[in-house]
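One point on numbering: in our numbering, the residue at position 160 of the sequence shown is 160, and numbering is uninterrupted.
Even glycine gets a Cβ: it sits at the ideal position worked out from N, Cα and C.
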Amino acid sequence: MMHHILLFLILIFYANLAFGEIYRWTDERGDVHYTDDYTKVPERYRSNIKKIEDERETAPAKKEIDGLPKSKEGSSRDRLGRGEEYWKARVEELKNKVKALQDKNENLRLRYNELTTKYNDSKSSVERGNLRVERDQIKSEIDQNKAEIETAKIMLEKKIPEEADLFGAKPEWVK
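Structure below.
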């Protein structure tokens with residue numbers, strides 16, 4: 001999904017867009033979407049749509065974007081008018097996600113070990129069968145959780161810095 005968004009954004013900003021407008025909207029989950037076709041914007045978001053001006057016509061430091069105040073002397077913004085606070089918030093959100101997933105993984109691992117102990121101590125083959133099934137489900141959750149941790153780490157360590165670079169954000173904003 002992120003690859004599609006990144007590719008789309010690259011196409012927006014590096015393709016020769018001599019005509020047409022780019023529309024930006026945010027859905028109920030807070031995900032930002034872009035399109036050059038107004039009809040592709042879901043109707044419920046059309047009242048909150050923002051037009052993105054062509055960078056060749058207006059310098060980002062001089063224009064007002066998404067209701068942000070015009071750039072002050074010495075304050076920096078990326079090409080979409082987002083400042084340090086936006087990028088730091090994205091990084092913080094991902095760090096919190098990684099931490100929450102790691103905590104979940106630790107709890108799952110403890111539960112798995114607890115079930116293993118019960119399995120080893122059990123004398124009943126029926127109980128051992130039930131414990132094995134439950135333990136296998138926990139193992140599956142652990143594996144899925146580990147994959148989510150890796151995805152979030154890649155986003156944090158690689159994708160966000162690449163996106164920041166693409167939009168002209170300062171590298172120190174995403175550290």
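Under three-state DSSP, which class holds Pro60? Translated into the one-based positions of the sequence shown, residue 60 becomes position 60. Confidence at Pro60 is low in this model, with a pLDDT of 43, below 50, so the placement of that residue is unreliable and no value is reported for it.
Can you give me the C-alpha to C-alpha distance between Ile22 and Lys146, rounded to a whole angstrom? Here residue 22 corresponds to residue number 22 of the sequence shown, with the count starting at 1. Here residue 146 corresponds to residue number 146 of the sequence shown, with the count starting at 1. C-alpha separation (whole angstroms): 37 Å.
Excluding the 5 residues preceding and the 5 following Glu57 in the sequence, name in chain order all residues of the same chain whose CB lies nearer than 6 Å to its CB. The count along the sequence shown starts at 1 and reaches residue 57 at position 57. Caution applies to Glu57, whose pLDDT of 40 falls short of 50 and renders its modelled position unreliable; the value that the coordinates give is listed next. If we look at Glu57 and ignore the five residues flanking it on each side, it has no Cβ neighbours.
Is the stretch 144–158 in contact with the stretch 98–106, if contact means three or more CB pairs nearer than 8 Å? Remark: three or more beta-carbon pairs, one from each stretch, lie closer than 8 Å, so the stretch 144–158 and the stretch 98–106 are flagged as touching.
Within 8 Å, do at least three Cβ pairs link the stretch 74–88 to the stretch 113–127? Of all C-beta pairs linking the stretch 113–127 to the stretch 74–88, fewer than three are shorter than 8 Å, placing the two stretches out of contact.
Which residues in the same chain as Pro171 place their Cβ atom closer than 6 Å to its Cβ, once the five residues preceding and following it in sequence are excluded? Locating residue 171 in the sequence shown gives position 171, counting from the first residue. Around Pro171: no qualifying Cβ.
Leaving out five residues on either side along the sequence, give the residues of the same chain with a beta carbon under 8 Å from the beta carbon of Asn48. Translated into the one-based positions of the sequence shown, residue 48 becomes position 48. Cβ neighbours of Asn48 beyond the five flanking positions: Trp25, Thr26.
Alpha carbon of Ser122 to alpha carbon of Tyr34, nearest angstrom: Stepping through the sequence shown from its first residue, residue 122 is reached at position 122. Stepping through the sequence shown from its first residue, residue 34 is reached at position 34. The alpha-carbon separation between Ser122 and Tyr34 amounts to approximately 57 Å.
For Arg77, which three-state DSSP category applies? Locating residue 77 in the sequence shown gives position 77, counting from the first residue. For Arg77, the three-state secondary structure derived from DSSP is coil.
Terminal residues of the alpha helix (DSSP H) in which Ile22 lies: For the purposes of this step, residue 22 is identified with residue 22 of the sequence shown, where counting begins at 1. No alpha helix (DSSP H) contains Ile22, which is instead part of the beta strand (DSSP E) from 22–26.
DSSP three-state assignment for Val98, whether helix, strand or coil: The residue given as residue 98 occupies position 98 in the sequence shown. DSSP, reduced to helix, strand and coil, places Val98 within a helical segment of the structure shown.
Separation of Asn105 from Glu141, as counted between CA atoms: Position 141 of the sequence shown holds residue 141. Position 105 of the sequence shown holds residue 105. C-alpha separation (whole angstroms): 8 Å.
Could you tell me the alpha carbon to alpha carbon distance between Thr39 and Arg128, rounded to whole angstroms? Residue mapping note: residue 39 aligns to position 39 of the sequence shown, counting from 1. Residue mapping note: residue 128 aligns to position 128 of the sequence shown, counting from 1. Rounded to whole angstroms, Thr39 to Arg128 spans 58 Å at the Cα level.
Strand pairing of Thr35, partner residues [DSSP]: Within the sequence shown, the letter at position 35 stands for residue 35. DSSP, once it has assigned bridges, lists Tyr23 as partnering Thr35.
When the distance is taken between beta carbons, is Leu94 closer than 8 Å to Met155? By one-based count along the sequence shown, residue 155 stands at place 155. By one-based count along the sequence shown, residue 94 stands at place 94. A distance below 8 Å separates the beta carbons of Met155 and Leu94.
Pair within 8 Å by beta-carbon distance, Arg90 and Ile138: Indexing the sequence shown from 1 puts residue 90 at position 90. Indexing the sequence shown from 1 puts residue 138 at position 138. In this structure, Ile138 does not lie closer than 8 Å to Arg90 by Cβ.
Take Glu163 as the anchor and find which of Val41, Trp87, Arg135 has the nearest alpha-carbon. Indexing the sequence shown from 1 puts residue 163 at position 163. Nearest to Glu163 by C-alpha distance, out of Val41, Trp87, Arg135, is Trp87.
Does the distance from the C-beta atom of Tyr112 to that of Arg135 stay below 8 Å? Walking along the sequence shown from the start, residue 112 turns up at place 112. Walking along the sequence shown from the start, residue 135 turns up at place 135. Cβ distance < 8 Å, so Tyr112 and Arg135 count as in contact.
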